[in-house]
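**Student:** This is the structure I have questions about; it appears just below.
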Amino acid sequence: MRLPTADAPSRSAGRDKPVPYGHNPIGTLMHEADRLQLAVAECHRLSSSLAIVGHGSKALLGPHKGEDTLSTQSLSGIIDYRPEELVVTAWAGTSLGELTEVLADKSQILPFDPPRFGGAGTLGGALASGLSGPSRPWRGSVRDAVLGVEIVNGRGQRLRFGGSVMKNVAGYDVSRLMVGARGTLGVILSASVRVLPMPTTETTLAVACDAGEAGRLVRDWARRPLPITATCYFANTLQLRVSGSAASVASARSALGLREPGDPYLWAAVRDHEHPFFADSAGTITRLSLPRGSRFEAEDALVEWGGCQAWLRGRSIDPPQGAFATTYTPGRQPSTRPLARAATAKVAARLKDAFDPGGIFNPGAEG
């Protein structure tokens with residue numbers, strides 16, 4: 045099937061347009077959003093399937109499948125940025141690098157610090173994957189930051205959910221369903237997300253210990269009012285990041301009693317899987333999602349998120365009580381254990397039928 049090109053007639057006449065930020069060519073991008081909508085409507089009509097991609101940076105999540113590929117890369121730019129309200133709205137194809145630079149100019153950050161595998165990645169891809177960086181337990185997940193989205197559903201209809209304020213509607217927050225759905229519920233066109241002030245001071249500290257001692261330390265720190273924003277244990281070294289005002293960081297260093305400096309570049313390396321642990325993974329890696337306070341003490345693992353996320357390379361295990369494991373193998377869709385409960389699977393099937401009744405989006409990604 046031939047998808048509509050950028051020269052397809054626009055149907056945005058008379059539609060309210062978002063307030064542009066800077067020199068964003070808003071008319072051109074509204075036209076591009078219409079083109080994507082037309083492409084989905086045509087696929088629905090022909091019962092064809094679509095692989096939705098941004099920069100294609102998340103090969104970890106498995107190959108994109110579909111008779112045609114729909115890219116959001118050209119749908120890029122900041123739509124509306126209100127630093128005083130801690131909210132930014134951008135098109136889905138906006139690169140994470142561009143978005144981060146715009147926020148940094150106002151001393152603000154994305155709280156969920158999404159991975160940028162290969163230095164790439166888009167806002168839409170960050171939402172669709174639902175992946176968060178090292179600060180996730182302290183600053184919140186992608187889902188916590190999403191305020192509203194605009195999508196095209198499987199019928200080719202353009203829908204908007206939520207808004208650009210923290211509390212705008214009563215009832216269920218449909219916009220957050222798109223987070224982690226991997227594009228199986230709709231094509232994300234734009235999103236509004238909450239941002240946070242950039243900390244004025246940040247330092248990384250290290251302590252030599254084994255996995256058992258590392259677990260004991262992070263559990264102890266979790267019970268104390270410390271401005272910790274990341275932890276990582278690997279190869280007999282526990283590192284932690286402390287962020288905040290100069291006074292709060294100095295106070296935390298004193299309370300922790302740690303003097304050994306750590307590696308400040310560690311956090312980006314772990315986030316983007318550029319750490320040596322991932323380079324030596326021999327293809328297959330397993331992510332363990334662990335309940336807070338879990339005692340997971342594998343010496344060959346990389347453990348982050350205050351002990352709530354662990355990575356194993358080249359092998360999989362039966363997850364501990366209350367945890368679940370996802371195994372990633374190049375060229376294959378990830379496998380999650382245990383499988384969803386029957387009630388959860390039933391709800392997920394109903395949602396899929398409501399948003400994409402023809403099953404045209406990223407077939408196989410929901411498996």
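Residue numbers in the sequence shown follow my numbering, run continuously in steps of one, and reach 411 at the last position. Each residue gets a CB set at the ideal place from its N, CA and C atoms; glycine is no exception.
Where does the unbroken beta strand (DSSP E) through residue 252 begin, and where does it stop?
**Tutor:** Position 208 of the sequence shown, counted from the start, is the residue given in the question as residue 252. Note, residue 252: beta strand (DSSP E), 245-252.
**Student:** Rounding to the nearest angstrom, what Cα-Cα distance links residue 312 and residue 280 in this structure?
**Tutor:** What you label residue 312 is simply residue 268 of the sequence shown in a count that begins at 1. What you label residue 280 is simply residue 236 of the sequence shown in a count that begins at 1. Residue 312 and residue 280: Cα-Cα distance of roughly 20 Å.
**Student:** For residue 306, tell me which candidate among 226, 277, 101, 98 has the shortest Cα-Cα distance.
**Tutor:** The residue labelled residue 306 in the question sits at position 262 within the sequence shown. Out of 226, 277, 101, 98, 277 has the C-alpha closest to the C-alpha of residue 306.
**Student:** Exposed or buried, residue 229, counting other C-beta atoms within 10 Å across all chains shown (16 or more means buried)?
**Tutor:** Indexing the sequence shown from 1 puts residue 229 at position 185. By the neighbour-count rule (16 or more Cβ atoms within 10 Å), residue 229 is buried.
**Student:** Out of 161, 321, 240, which one is the CA nearest neighbour of residue 127?
**Tutor:** Stepping through the sequence shown from its first residue, residue 127 is reached at position 83. Closest by alpha carbon: 240.
**Student:** Should residue 275 go down as buried or exposed, given a rule of 16 or more other Cβ atoms within 10 Å for buried?
**Tutor:** The count along the sequence shown starts at 1 and reaches residue 275 at position 231. Buried, because 16 or more other Cβ atoms sit within 10 Å of the Cβ of residue 275.
**Student:** Can you tell which of 337, 113, 243, 329 has the C-alpha that lies nearest to the C-alpha of residue 346?
**Tutor:** Start at 1 with the first residue of the sequence shown, and residue 346 comes out as number 302. Cα-wise, what sits closest to residue 346 is 329.
**Student:** On the premise that residue 158 lies in contact with residue 147, defined as a C-beta separation below 8 Å, what is that separation, rounded to the nearest angstrom?
**Tutor:** Translated into positions along the sequence shown, residue 147 becomes position 103. Translated into positions along the sequence shown, residue 158 becomes position 114. Incorrect: roughly 13 Å between the Cβ atoms, too far for contact.
**Student:** Please report the Cβ distance between residue 81 and residue 202, rounded to the nearest whole angstrom; I am assuming they are in contact, meaning their Cβ atoms lie under 8 Å.
**Tutor:** Residue mapping note: residue 81 aligns to position 37 of the sequence shown, counting from 1. Residue mapping note: residue 202 aligns to position 158 of the sequence shown, counting from 1. Indeed, because the Cβ distance is near 5 Å, the residues count as touching under 8 Å.
**Student:** Hey, quick one: how far does the alpha helix (DSSP H) through residue 292 stretch, first residue to last?
**Tutor:** Walking along the sequence shown from the start, residue 292 turns up at place 248. Run containing residue 292: 290-300, per the alpha helix (DSSP H) assignment.
**Student:** How long is the line joining the alpha carbons of residue 143 and residue 193, rounded to whole angstroms?
**Tutor:** The sequence position of residue 143 within the sequence shown is 99, counting from 1. The sequence position of residue 193 within the sequence shown is 149, counting from 1. Going by the C-alpha atoms only, they are around 16 Å apart.
**Student:** Grouping DSSP H, G and I as helix and E and B as strand, with all else coil, what is residue 337?
**Tutor:** Residue numbering aside, residue 337 sits at position 293 when the sequence shown is read from its first letter. Of the three classes helix, strand and coil, the one that applies to residue 337 here is coil, per DSSP.
**Student:** CB-CB under 8 Å to residue 354, same chain, minus the five flanking residues each way: which ones, in chain order?
**Tutor:** Residue numbering aside, residue 354 sits at position 310 when the sequence shown is read from its first letter. Contacts found: 331, 332, 334, 340, 342, 345, 346, 347, 348.
**Student:** Output the distance between the C-alpha atoms of residue 238 and residue 169, rounded to the nearest integer angstrom.
**Tutor:** Residue numbering aside, residue 238 sits at position 194 when the sequence shown is read from its first letter. Residue numbering aside, residue 169 sits at position 125 when the sequence shown is read from its first letter. In a straight line, the C-alpha of residue 238 is about 17 Å away from that of residue 169.
**Student:** Go ahead and label residue 156 buried or exposed: buried means 16 or more other beta carbons lie within 10 angstroms of its beta carbon, across all protein chains shown.
**Tutor:** What you label residue 156 is simply residue 112 of the sequence shown in a count that begins at 1. With 16 or more other Cβ atoms within 10 Å, it is buried.
**Student:** Please give the ranges of any alpha helix (DSSP H) in the stretch 374-409, keeping only runs that are unbroken, at least 4 residues long and fully inside the region.
**Tutor:** Runs found: 386-399.
**Student:** Would a C-beta distance cut-off of 7 Å place residue 302 and residue 251 closer than the cut-off?
**Tutor:** Sequence index remark: in the sequence shown, residue 302 carries index 258 (1-based). Sequence index remark: in the sequence shown, residue 251 carries index 207 (1-based). In this structure, residue 251 lies closer than 7 Å to residue 302 by Cβ.
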